[in-house]
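S.K.:
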Amino acid sequence: MDWFKGKIGQIIALASIVGTLAGFGYTGATYVNRIENLEKKIGTLVETEDAQQAIEERFAGIETSVGFINKTIDESLLLWIKEAQDNVSGIQVTIGKLESDVENLDIPDIEPLQESISATNASIAGIKASVDAIYADVQSLKNKSDNPLAQ
Numbered sequence: 001m002d003w004f005k006g007k008i009g010q011i012i013a014l015a016s017i018v019g020t021l022a023g024f025g026y027t028g029a030t031y032v033n034r035i036e037n038l039e040k041k042i043g044t045l046v047e048t049e050d051a052q053q054a055i056e057e058r059f060a061g062i063e064t065s066v067g068f069i070n071k072t073i074d075e076s077l078l079l080w081i082k083e084a085q086d087n088v089s090g091i092q093v094t095i096g097k098l099e100s101d102v103e104n105l106d107i108p109d110i111e112p113l114q115e116s117i118s119a120t121n122a123s124i125a126g127i128k129a130s131v132d133a134i135y136a137d138v139q140s141l142k143n144k145s146d147n148p149l150a151q
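Per the numbering used here: the sequence shown = residues 1 to 151.
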């Protein structure tokens with residue numbers, strides 16, 4: 001430690017100590033900077049976790065809404081199906097009544113009516129022949145003189 005006794009030695013020692021401290025200071029500042037960057041990333045991570053939590057809560061709300069919508073649709077469909085079944089049952093009852101009415105329908109025998117129609121058609125033909133004969137007589141009278149007694 002004789003070199004430490006001289007002024008130059010003391011300056012060299014002081015410069016060495018200052019250089020060492022400066023190196024430690026620089027390294028310390030670097031570490032502090034790195035720690036600050038890590039803290040920022042951790043803060044971002046915390047913000048990301050908060051955002052993820054908010055997204056998860058929204059999805060939970062959406063799942064609840066979808067469940068409610070599905071339940072509503074199912075209930076509506078069941079109600080519609082029940083109403084359709086009631087309508088079909090009513091239609092079946094109506095069809096049964098109509099079938100019963102058709103089976104119980106009393107259709108009269110039309111054979112006597114056909115005979116009566118044939119007789120009426122024959123009478124009409126006879127009347128038509130008589131009218132044609134009268135028409136022919138009238139035409140023949142028109143062709144003669146104005147005196148009907150002169151023939």
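Heads up, the beta-carbon is just placed ideally off N, CA and C, and yes, glycines get one too.
To the nearest angstrom, how far is the alpha carbon of Asp-109 from that of Ile-91?
M.R.: Your numbering for residue 109 matches position 109 in the sequence shown. Your numbering for residue 91 matches position 91 in the sequence shown. Looking at the two C-alpha atoms, the distance is approximately 32 Å.
S.K.: Can you list, in chain order, the residues of its chain whose CB lies under 6 Å from that of Ala-29, leaving out five sequence neighbours each side?
M.R.: Within the sequence shown, the letter at position 29 stands for residue 29. The answer is none, since no qualifying residue turns up.
S.K.: What residues in its chain sit with their C-beta under 7 Å from that of Gly-43, if we drop five residues either side in the sequence?
M.R.: Working through the sequence shown from its first residue, we reach residue 43 at position 43. Cβ within range, chain order: n/a, list empty.
S.K.: Helix, strand or coil: how does DSSP classify Gly-6 here?
M.R.: What you label residue 6 is simply residue 6 of the sequence shown in a count that begins at 1. Of the three classes helix, strand and coil, the one that applies to Gly-6 here is coil, per DSSP.
S.K.: With DSSP collapsed to three states, give me the class of Pro-108.
M.R.: Here residue 108 refers to the residue found at position 108 of the sequence shown. Correct three-state label for Pro-108: coil.
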